[in-house]
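J.: Before I ask anything, here is the structure I am working with.
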Amino acid sequence: MQAMIDAVLPSMEKAVQDVGIQGDFWRNMLSRSKEASQGDLALPCFPFAKQLGCSPNEVAQKIADALELEIGEAIAVGPYVNIRASITWLANQIHQVPESKGSILIEHTSANPNGPFHVGRARNAVLGDTFVRMHRAAGYDVTAEYYVDDMGKQVGILCWALENLDEGRVHALLEEGGISSETSPHSGKQDHARVLWYQAANLLKAKDASVDAGVTELVQLSEEADEDILDRFESAYQPVLDGMLDTLGRMGIRFDSFTKESRFIVDGSVETLMGQLQSSELHGVAENGAHYLELESKGVKGKSTQFFYRRGDGSSLYATRDLAYHEYKWTQSDRLLNILGEDHKLQSKQVGIALEELNIQPPEVVFYAFTKLADGKMSTRRGNVVYMDDLLDEARSRALETVRESKPDLSEEKLLQIAEAVGISATRFNIARISPEKGITFRWSDALSLEADSAPFIMYSYARACSIQRKAGEVDAGFVLNPELLDGTAADLIRRLAYMNDELQTAIDSRSPHMFCAWLSALAVDYNRFYRDNYVIDDNGVNTQNLYISELAREHLRRGCEAVGIIPIEEM
RNA sequence: GGGCGCGUCGCAUAGCUGGAUAUUGCACCGGCCUCCUAAGCCGGAUGUCGUGGGUUCGAAUCCUGCCGCGCCCGCCA
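Under our numbering, the residues of the first sequence are numbered 274 to 845, in order.
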């Protein structure tokens with residue numbers, strides 16, 4: 274952990290010099306021990322051996338002997354110097370509150386409002402919201418932002434369908450196309466209702482050219498920011514978007530601001546940027562008058578290295594509006610983070626280069642690999658999807674079985690509440706705990722797993738701590754932990770707690786939410802072991818020190834859960 | 001064809017700015033509820049880290065050839 278390294282470095286500097294080592298290349302080698310049993314920090318001594326002309330083991334012993342540490346002790350183990358922080362020092366770390374770290378705008382999800390939220394899109398939302406939550410927990414001022422695609426082809430098709438198809442036609446088309454239109458428990462939601470129109474229009478488009486013509490006309494007008502068309506588009510997509518946001522809200526995912534794509538056409542900023550790009554050295558014009566930037570010199574490779582930002586007819590493209598969007602976003606925050614699917618990698622690179630040409634700083638980006646179904650890619654258009662609403666229902670009913678079994682006395686309402694929290698948390702955690710660049714194949718059994726290394730496991734530890742607190746009462750405000758008395762699993766727990774802020778920051782900096790998920794799981798394990806070995810309530814009544822530690826763990830479990838979107842419930 | 005990413009026990013997964021016996025869970029085998037929540041705890045078995053080379057005192061980690069999978073290479077979004 275960084276605070277520990279900072280604390281050790283001066284002493285290490287001195288010890289290393291005393292032993293006669295030249296240079297400071299070793300600074301980067303001082304790092305986290307891989308296993309807790311080896312201590313907190315380790316310095317491998319192999320490279321020193323040559324310089325000093327003795328064995329790594331001897332060097333390690335010399336350095337360990339020369340080290341004078343305030344935070345703990347150093348022991349040479351073979352060719353390593355292992356440093357173990359004292360529980361006293363670690364316990365002090367626990368109370369360090371993260372300082373304020375400035376503002377960040379995190380844009381995520383931003384799915385086309387053309388149908389219900391499905392589990393492929395969910396990875397963006399879960400990842401994005403986890404970043405939002407982790408940043409908040411670490412002291413950042415976060416804006417969660419949704420970019421609304423309120424113009425262009427997808428919305429155009431939806432709008433055209435709603436204005437030109439009736440219910441009978443829609444069902445006939447879907448049946449013919451082999452897409453199910455049977456009513457689900459969610460068919461009352463407008464996202465579920467209207468997606469049928471969208472799917473039907475896509476089917477019809479394949480065999481009736483007049484559909485394309487109709488849609489194209491709408492899309493063209495929308496790109497000219499035609500007020501009437503934008504209004505019609507909005508009445509088509511807004512109920513769908515609302516339905517999607519309901520689903521997201523159910524998952525605990527909420528946004529602070531929504532920005533419409535059309536805004537940048539309306540306010541003229543897209544036009545201005547297109548003008549500015551003309552003076553770029555990369556600028557070029559195609560035969561039909563379309564404008565582009567030639568990106569070959571910027572390291573872009575492939576069939577086409579040209580980034581088109583203006584069509585032959587003078588209109589802008591999605592990516593062009595994205596440039597204006599980023600310019601706008603920088604007026605809102607100190608830092609920008611985008612959560613994007615890996616299919617956007619090239620586009621994102623192109624936009625980044627174009628932004629640099631405009632002297633606008635590119636955003637930071639997290640890419641994640643796709644979620645696919647066992648039988649192929651998910652597609653709203655083709656109806657090959659698992660909807661999030663259905664997944665969450667299924668997760669809840671699975672959880673309900675388990676809760677009913679273990680808590681038969683609870684009321685039906687309470688059972689449902691717990692099951693809902695467990696289902697949502699498990700679903701989210703199963704996504705957040707996997708490193709983003711790894712592809713996921715959706716399987717019901719995985720998605721609904723309530724086993725260990727899962728959200729319910731962590732929730733259970735928290736509920737256990739809550740139960741103990743209810744029985745044992747509050748700790749006196751003036752109570753001070755006596756770390757000298759701690760050992761075994763109690764000391765392990767304190768050590769784990771002390772690492773929280775560091776783990777959180779590391780996960781943020783390396784854009785790896787799964788790392789913080791792993792820490793949280795480990796905390797739950799440590800708490801369960803502490804629980805086994807250290808009774809808060811025994812024959813003599815309440816052990817205040819153990820209650821105090823249990824309460825520390827409870828508080829950290831709660832904060833950790835909130836940082837990854839697990840719902841901490843007090844009973845389960 | 002080119003670019004980017006991934007490939008770790010039967011399944012899933014961590015580690016990848018090189019370092020000590022490769023992490024964790026599921027499944028499998030065995031043990032623990034007269035005691036604060038057993039959705040828990042303890043123990044066991046399971047691995048050519050895709051594959052061939054290379055660099056290094058040391059490679060899952062770096063370089064490189066090959067194989068497999070995914071994504072991308074639109075004046076679409």
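Built from N, CA and C at the ideal position, the CB exists for glycine as well.
So if DSSP puts Arg357 in a beta bridge, which residue, or which two residues, is it bridged to?
T.: Reading the first sequence from its first residue, position 84 is the one you call residue 357. According to DSSP, Arg357 bridges with Glu346.
J.: Cutting at 8 Å between CB atoms, please list the residues of its own chain near Asp313, excluding the five before and the five after it.
T.: One-based indexing of the first sequence puts residue 313 at position 40. Same-chain partners within the cutoff: Met274, Met277, Arg305, Ser306, Gly345, Ile356, Arg357, Ala358, Arg768.
J.: Give a yes or no on contact between the stretch 768-787 and the stretch 698-714, applying the rule of three or more CB pairs nearer than 8 Å.
T.: Yes, since at least three Cβ pairs between the stretch 768-787 and the stretch 698-714 fall closer than 8 Å, the two stretches touch.
J.: Whole angstroms is fine: what's the gap from Thr604's alpha carbon to Leu494's?
T.: To locate residue 604, count along the first sequence from 1; it is residue 331. To locate residue 494, count along the first sequence from 1; it is residue 221. If you take the alpha carbons of Thr604 and Leu494, they lie about 29 Å apart.
J.: Report the residue from Ala364, Ile360, Phe506, Leu673 whose alpha carbon sits nearest the alpha carbon of Gln427.
T.: Within the first sequence, the letter at position 154 stands for residue 427. Residue Phe506 is the option with its Cα nearest to Gln427.
J.: Three or more C-beta pairs under 8 Å: does that hold for the stretch 417-436 against the stretch 390-399?
T.: The answer is no - the stretch 390-399 does not touch the stretch 417-436, with fewer than three Cβ pairs under 8 Å.
J.: Give, in chain order, every unbroken run of the alpha helix (DSSP H) that is at least 4 residues long and sits entirely within the stretch 617-700.
T.: Counting only runs of 4 or more, we get 618-630, 661-679.
J.: Only counting runs of 4 or more residues, tell me where the alpha helix (DSSP H) segments fall wholly within the stretch 527-583, in order along the chain.
T.: Within the stretch 527-583, the complete alpha helix (DSSP H) runs of at least 4 residues are 536-539, 542-550.
J.: Under 8 Å by Cβ, that's how I've got Val573 and Leu613 pegged, so tell me the actual separation to the nearest angstrom.
T.: Here the question's residue 573 lines up with position 300 in the first sequence. Here the question's residue 613 lines up with position 340 in the first sequence. Going by Cβ atoms, the distance from Val573 to Leu613 rounds to 17 Å, so no, they are not a contact pair.
J.: Within 10 angstroms of the Cβ of Gln334, are there 16 or more other Cβ atoms? Answer buried if so, exposed if not.
T.: Taking the first sequence and counting its residues from 1, one reaches residue 334 at position 61. Classification of Gln334: buried, given that the 10 Å Cβ count is 16 or more.
J.: By Cβ distance, which residues of its chain are closer than 8 Å to Glu615, with the 5 residues on each side in sequence left out?
T.: Walking along the first sequence from the start, residue 615 turns up at place 342. Cβ neighbours of Glu615 beyond the five flanking positions: Phe640, Tyr641, Ala642, Phe643, Glu710.
J.: Have a look at the DSSP bridge pairing and note the partners of Tyr471.
T.: Residue numbering aside, residue 471 sits at position 198 when the first sequence is read from its first letter. For Tyr471, which the question treats as bridged, DSSP gives no partner whatsoever.
J.: Tell whether a beta-carbon distance below 8 Å holds between Ala738 and Ala795.
T.: In the first sequence, residue 738 corresponds to position 465, counting from 1. In the first sequence, residue 795 corresponds to position 522, counting from 1. No, these two residues do not count as a Cβ contact at 8 Å.
J.: If I'm right that Leu664 touches Thr714 with Cβ under 8 Å, what's the distance once you round it to whole angstroms?
T.: Numbered from 1 along the first sequence, position 391 holds the residue referred to as residue 664. Numbered from 1 along the first sequence, position 441 holds the residue referred to as residue 714. So it is not a contact: roughly 15 Å between Cβ atoms.
J.: Spell out the partners DSSP gives Gln811 in its beta bridges.
T.: The count along the first sequence starts at 1 and reaches residue 811 at position 538. The amino acid occupying residue 811 in the given sequence is Asp; Gln does not appear at that position. Paired residues: Gly814.
J.: If you run the structure through DSSP and keep just helix, strand and coil, what is His391?
T.: Your numbering for residue 391 matches position 118 in the first sequence. Looking at His391 - three-state DSSP - the assignment turns out to be strand.
J.: Can you tell me where the beta strand (DSSP E) with Ser376 in it begins and where it stops?
T.: Translated into positions along the first sequence, residue 376 becomes position 103. That run of the beta strand (DSSP E) goes 376-380.
J.: In whole angstroms, give me the CA-to-CA distance for Asp765 and Glu828.
T.: Counting from 1 along the first sequence, the entry for residue 765 is found at position 492. Counting from 1 along the first sequence, the entry for residue 828 is found at position 555. Near 17 Å, if we compare the C-alpha coordinates of Glu828 and Asp765.
J.: Determine whether the beta carbon atoms of Glu567 and Gly575 lie at a separation below 8 Å.
T.: Taking the first residue of the first sequence as 1, we reach residue 567 at position 294. Taking the first residue of the first sequence as 1, we reach residue 575 at position 302. No, these two residues do not count as a Cβ contact at 8 Å.
J.: Looking only at its chain, what residues have a beta carbon closer than 6 Å to the beta carbon of Ile452, apart from the 5 residues adjacent to it on each side?
T.: Translated into the one-based positions of the first sequence, residue 452 becomes position 179. Once the five neighbours on either side are set aside, the close Cβ partners of Ile452 are Gln472, Gly656.
J.: Which two residues bound the contiguous beta strand (DSSP E) that contains Asp414?
T.: Position 141 of the first sequence, counted from the start, is the residue given in the question as residue 414. From DSSP, the beta strand (DSSP E) with Asp414 extends over 414-421.
J.: In the DSSP assignment, find the unbroken alpha helix (DSSP H) run with Ile731 in it and report its ends.
T.: Within the first sequence, the letter at position 458 stands for residue 731. Residues 728-745.
J.: Tell me the rounded alpha-carbon separation between Asp607 and Leu596.
T.: If you number the first sequence from 1, residue 607 lands on position 334. If you number the first sequence from 1, residue 596 lands on position 323. Each residue's alpha carbon lies about 17 Å from the other.
J.: Does the distance from the C-beta atom of Ala288 to that of Ile336 stay below 8 Å?
T.: The sequence position of residue 288 within the first sequence is 15, counting from 1. The sequence position of residue 336 within the first sequence is 63, counting from 1. Against a cut-off of 8 Å, the Cβ pair of Ile336 and Ala288 comes out as a contact.
J.: Relative to the C-alpha of Val484, which candidate in Gln634, Gly429, Gly625 has its C-alpha closest?
T.: Looking up residue 484 in the first sequence gives position 211. The shortest Cα separation from Val484 among Gln634, Gly429, Gly625 belongs to Gly429.
J.: How should Trp717 be labelled, buried or exposed, when 16 other C-beta atoms within 10 angstroms of its C-beta is the threshold for buried?
T.: Within the first sequence, the letter at position 444 stands for residue 717. Answer is exposed; the Cβ neighbour count stays below 16.
J.: Counting only the same chain and skipping the five closest in sequence on each side, list residues whose C-beta sits under 6 Å from that of Ala364.
T.: For the purposes of this step, residue 364 is identified with residue 91 of the first sequence, where counting begins at 1. Result list for Ala364: Leu754, Pro756, Ile767, in chain order.
J.: At which residues does the alpha helix (DSSP H) containing Arg784 begin and terminate?
T.: Locating residue 784 in the first sequence gives position 511, counting from the first residue. First-last for Arg784: undefined, no H or E at that position.
J.: Spatial neighbours of His459 within its chain, please: CB distance less than 6 Å, with the 5 preceding and 5 following residues excluded, ordered by chain position.
T.: For this step, residue 459 is matched to residue 186 along the first sequence. Result list for His459: His465, Asp662, in chain order.
J.: Taking DSSP as the reference, what is the three-state secondary structure of Arg769?
T.: The residue labelled residue 769 in the question sits at position 496 within the first sequence. Helix.
J.: For Phe715, which beta-bridge partners are listed by DSSP?
T.: The residue labelled residue 715 in the question sits at position 442 within the first sequence. DSSP lists Leu646 as partners of Phe715.
J.: At the level of alpha carbons, what is the spacing between Val415 and Lys602?
T.: Residue numbering aside, residue 415 sits at position 142 when the first sequence is read from its first letter. Residue numbering aside, residue 602 sits at position 329 when the first sequence is read from its first letter. Looking at the two C-alpha atoms, the distance is approximately 13 Å.
J.: In chain order, what residues of the same chain lie with their CB nearer than 7 Å to the CB of Ala339, ignoring the 5 residues before and after it?
T.: What you label residue 339 is simply residue 66 of the first sequence in a count that begins at 1. Once the five neighbours on either side are set aside, the close Cβ partners of Ala339 are Ala288, Asp291, Val292.
J.: Taking 8 Å as the threshold, find out whether the stretch 510-517 comes into contact with the stretch 540-547 through three or more Cβ pairs.
T.: No, the stretch 510-517 does not touch the stretch 540-547.
J.: According to DSSP, is Ile840 helix, strand or coil?
T.: Locating residue 840 in the first sequence gives position 567, counting from the first residue. Coil at Ile840, not helix or strand.
J.: Looking at the strands, I want to know which residues DSSP matches up with Ala315.
T.: For this step, residue 315 is matched to residue 42 along the first sequence. The partner list for Ala315 (beta bridge, DSSP) reads Ser304, Asn355.
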